[in-house]
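Colleague: Right, I'll just put the structure down here and ask away after.
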Amino acid sequence: MPFPSERPRRLRTSAAMRAMVTETRLHPAELVLPMFVKEGLTEPRAVASLPGVVQHSRESLRKAAAEAVQVGVGGIMLFGVPTKKDPNGSGGTDPGGILNVAIRDVISEVGSDMLVMSDLCLDEFTSHGHCGVLAADGTVDNDATLEAYGHMAVAQAAAGVHIVGPSGMMDGQVGHVRSTLDKAGHTDVTILAYAVKYASAFFGPFREAVESTLEGDRRTYQQDPANLRESLREVRLDVAEGADIVMVKPALPYLDVISAVRDAVDVPVAAYQVSGEYAMVEAAAANGWLDRDRVMLETLHSIKRAGAQVILTYWAVDAARALRSL
Ligand code: PBG
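Note that the numbering used here has the sequence shown beginning at 11, numbered continuously upward.
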């Protein structure tokens, strides 16, 4: 027999062949678009470090959500930026706070044509920028923060949100949110738990988008990027506390974590391709150093291949369009 007898290249000979044997196929329904809405804006405002991403006005948010539905994006994740921040982040629990108002706006626009999700965390609302309320000594008070998350969850559920995303990395947050929602009669509101969230420098541009005032870092509650076993423990705890979906964040530098989480539990696994991951590629593409659309799809395929079946990405609409034209 002539050498080589095995010729894997046969399966790559044409676009039709490659399409038939591909192991990972992305679909717009599994993409979620993170969106920012700022109180008091009348026009959307660009976020310099996230080219193509804006802080929305209430009106532009509704329109952009409807456009995302048009291209088949599966959901949106809402972040609110209040005009006034205070130490307890009261804008997050206030039913008239920007995030809760925006949930109502978007639900009235898209109904159940897509999943409306909301960030369940205080950092956008606190004057000190931490994800929780502070104790007298300046540290983040875990259990007092849980109380606030419970109120916030009920306010978001009352506004009609389909999925809440507790992202503050407080111990017991999933269990507390679940039981508070259940007691208030919101048993159908789904929990997408930020189960694995690293103290990552890749969140940099996001902090501009939400006008974060944080000084210092979040290392007493977010995880050490060097750890994996700790992540699996966080995931097991969140599933035991009632998480419906668990998320790993950031995504691309943590594909091994996504894969391990996928093997460890049987709930759906999500991954958040965060602001810094997006900004790196956009910056390189703006310089002509990378082919933006190809890199976009390559990163999304990689994240899915690693085991994420839901992907939060600032490229959701562009990726959905690109997938439709493939
Ligand atoms: C916390 C939250 C953050 C992000 C999502 N939810 C910021 C943080 O934890 O510091 C970051 C998302 C991104 O970088 O795109 N509410």
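Note that beta-carbon positions come from the ideal geometry of N, C-alpha and C, so glycine has one too. Only a predicted model underlies this, so the values are computations on that prediction, with no experimental measurement involved.
According to DSSP, which residues form a beta bridge with ASP354?
Modeller: Nothing in the structure corresponds to residue 354, since the chain is present only between 11 and 336.
Colleague: Starting from PHE46, follow the beta strand (DSSP E) in both directions and report where the run begins and ends.
Modeller: Note, PHE46: beta strand (DSSP E), 41–48.
Colleague: Here's the rule: buried if 16 or more other CB atoms are within 10 angstroms of the residue's CB, otherwise exposed. What is PHE135?
Modeller: It counts as buried.
Colleague: Is it buried or exposed for THR155, if we count other Cβ within 10 angstroms and need 16 for buried?
Modeller: By the neighbour-count rule (16 or more Cβ atoms within 10 Å), THR155 is buried.
Colleague: Look at the Cβ atom of ARG114, then the Cβ atom of ALA169, and state whether they are nearer than 7 Å.
Modeller: Taking 7 Å as the Cβ cut-off, ARG114 and ALA169 qualify as a contacting pair.
Colleague: Considering just the uninterrupted stretch of the alpha helix (DSSP H) at LYS94, what are its terminal residues?
Modeller: Premise fails: LYS94 is in no alpha helix (DSSP H) and is neither H nor E.
Colleague: What is the residue span of the alpha helix (DSSP H) that LEU242 lies within?
Modeller: LEU242 -> alpha helix (DSSP H) spans 239–251.
Colleague: Whose C-beta lies closer than 7 Å to the C-beta of ARG28 among residues of the same chain, with five residues either side of it excluded?
Modeller: Within the same chain, ARG28 has close Cβ partners ARG22.
Colleague: Please identify the residue among TYR231, ARG302, GLY148, LYS48 whose C-alpha is closest to the C-alpha of GLY90.
Modeller: Considering only alpha carbons, the answer is LYS48.
Colleague: With DSSP collapsed to three states, give me the class of THR190.
Modeller: Helix.
Colleague: Flag this pair as touching only if the region 256–265 and the region 278–292 have three or more C-beta atom pairs under 8 Å; answer yes or no.
Modeller: At 8 Å Cβ cutoff, the stretches touch.
Colleague: With distance defined between alpha-carbon atoms, name the residue in VAL187, ALA294, ARG331 nearest to LEU41.
Modeller: When only C-alpha atoms are compared, the closest one is ARG331.
Colleague: Assuming MET257 is part of the beta strand (DSSP E), what are its boundary residues?
Modeller: Unbroken beta strand (DSSP E) run through MET257: 255–259.
Colleague: Locate the beta strand (DSSP E) running through LEU322, then write down its first and last residues.
Modeller: 320–323 is the extent of the beta strand (DSSP E) around LEU322.
Colleague: Alpha carbon to alpha carbon, how far is HIS138 from ARG72?
Modeller: If I take the Cα positions, the gap works out to 30 Å.
Colleague: Determine contact between the region 116–128 and the region 79–96, defined as no fewer than three beta-carbon pairs at a distance below 8 Å.
Modeller: Verdict: yes, contact present.
Colleague: Which ranges would you report for the beta strand (DSSP E) in the region 52–118 if only whole runs of at least 3 residues count?
Modeller: Listed in chain order, the complete beta strand (DSSP E) runs (minimum 3 residues) inside the region 52–118 are 64–66, 85–91.
Colleague: Nearest to TYR158 by CA position, among GLU16, GLU251, ASN237, GLY99, is which residue?
Modeller: Checking the sequence shown, residue 158 turns out to be Ala, not Tyr. The residue with the shortest Cα to Cα distance from ALA158 is GLY99.
Colleague: Kindly confirm or deny that the region 184–200 and the region 213–225 touch, where touching means at least three C-beta pairs closer than 8 Å.
Modeller: The region 184–200, when compared against the region 213–225, does not touch it at the 8 Å Cβ threshold.
Colleague: Out of GLU292, ALA163, THR32, state which residue places its alpha-carbon closest to the alpha-carbon of ILE201.
Modeller: Answer by Cα proximity: ALA163.
Colleague: Heavy atom of the ligand PBG less than 6 Å from the Cβ of VAL42, yes or no?
Modeller: No; taking the cut-off as 6 Å, the Cβ of VAL42 has no heavy atom of the ligand PBG nearer than that.
Colleague: Rounding to the nearest angstrom, what Cα-Cα distance links ARG228 and THR93 in this structure?
Modeller: The alpha-carbon atoms of ARG228 and THR93 are separated by roughly 23 Å.
Colleague: Expressed to the nearest angstrom, what Euclidean distance is found between the alpha-carbon atoms of GLU292 and PRO12?
Modeller: Whole-angstrom Cα-Cα distance: 47 Å.
Colleague: Considering only DSSP beta bridges, list what ILE201 is partnered with.
Modeller: According to DSSP, ILE201 bridges with VAL174.
Colleague: Could you tell me if the beta carbon of VAL126 falls within a distance shorter than 6 Å of some heavy atom in the ligand PBG?
Modeller: No; taking the cut-off as 6 Å, the Cβ of VAL126 has no heavy atom of the ligand PBG nearer than that.
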